[in-house]
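Chains as they are written, first to last, in this note's numbering: chain A, 1 to 112; chain B, 1 to 117.
We put the CB at the ideal spot given by N, CA and C, even for glycine.
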Amino acid sequence: AQSVTQLGSHVSVSEGALVLLRCNYSSSVPPYLFWYVQYPNQGLQLLLKYTTGATLVKGINGFEAEFKKSETSFHLTKPSAHMSDAAEYFCAVAPRGFKTIFGAGTRLFVKA
Amino acid sequence: ETGVTQTPRHLVMGMTNKKSLKCEQHLGHNAMYWYKQSAKKPLELMFVYSLEERVENNSVPSRFSPECPNSSHLFLHLHTLQPEDSALYLCASSQAETRQGLAGELFFGEGSRLTVL
């Protein structure tokens, strides 16, 4: 069975600090991996995705994530947090078929 | 209009009412989804339609009834709901390679916030 675990339901950083949101997955087949962001009162939008090839993936708004097969991880990072990054972030895995499995989400707070 | 549009954005209904949520996608995708987002719970996949055929139904109570008349439109018909059904209902679409193929990136609407009194 596939699953996604996001460590920390809430993460708080200061503006300008490194953002690190952790995601571990389990999958019986090579997965496609995604990070989505949800701003208040909105739907989810794709930040970045890993399918095949280069394991370091760059996304929108300066975010990037690295697929580490040996660690079954796909952590999301951003070198310098901005106030506008405050949102909820979801890691997701799609092994095959239509069933994208989402993590429970991590809410990011950015302090001035 | 572009992307995925959901109406209404907010809905309040009593337990005996019948209402419908509507979703429309303008992306030319061939798969559409309903997700339920409740506080402090992971997103729950409710229904999947590919090429207008329902390919997944995740043990959703019969008080939720989906309808997909064409590849651009998706409805969720609601009747005799319970207060615990209050949630944000998200519609999404994607381009699937085959009927059972990999969904890839999901494009979400802004959601319909449902409150059941």
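Cutoff 6 Å; reference residue i; Cβ partners in own chain excluding five residues on either side
i	result
B:R113	H10, L88
B:D85	V116
A:Q25	The sequence shown places Tyr at residue 25 of chain A, not Gln. V4, T72, V93.
B:F75	S20, K22, E67
A:G59	L47, L48
Between the CA atoms of residue j and residue i - distance to the nearest angstrom
i	j	result
B:T16	B:H77	13 Å
B:V12	B:V116	6 Å
A:A112	A:E15	5 Å
B:P42	A:A104	4 Å
B:P61	A:W35	29 Å
A:H75	A:P40	22 Å
B:S94	B:S50	9 Å
B:H26	B:F107	11 Å
A:C23	A:L33	10 Å
B:M32	A:A87	25 Å
A:M83	B:E110	22 Å
B:V55	A:S9	32 Å
A:K78	A:S12	13 Å
A:S80	A:K68	22 Å
A:A17	A:F109	12 Å
A:T51	B:G14	44 Å
Cβ-based neighbour list, residue i, same chain, cut-off 7 Å, excluding 5 preceding and 5 following
i	result
A:I114	It is not possible to answer for residue 114 of chain A, since the shown part of chain A is limited to 1 through 112.
B:H79	K18, R63
B:E24	T5, S72, H73
A:L20	H75, T77
B:P8	S112
beta-carbon residue i near the ligand FAD non-hydrogen atom, thresh 7 Å
i	result
A:A86	Among the components modelled here there is no ligand, and therefore nothing to report on the ligand FAD.
Contacting residues, own chain, Cβ-Cβ under 8 Å from residue i (five flanking each side not counted)
i	result
A:S28	A1, Q2, P95
B:N70	E52
Per-residue DSSP class, three states only, for residue i
i	result
A:S84	helix
B:P69	strand
A:N61	helix
B:E53	strand
A:E15	coil
B:E110	coil
A:E71	coil
B:E84	helix
B:K40	coil
A:N24	strand
A:V29	coil
A:E66	strand
B:A96	coil
Extent of the continuous beta strand (DSSP E) run through residue i
i	result
A:Q6	3 to 7
A:Y39	A:Y39 -> no beta strand (DSSP E), and no H or E assigned at all.
B:R63	Counting along the chain, B:R63 falls outside any beta strand (DSSP E), and DSSP gives it neither H nor E.
A:R107	106 to 111
B:H10	10 to 13
B:L21	18 to 25
A:L46	44 to 50
B:Q6	4 to 7
When the options are compared against residue i, the one with the closest alpha-carbon
i	options	result
A:S70	A:T55, A:P79, A:K99	A:T55
B:C91	B:V55, B:V48, B:Q82	B:V48
A:T106	A:A17, A:L18, A:V37	A:V37
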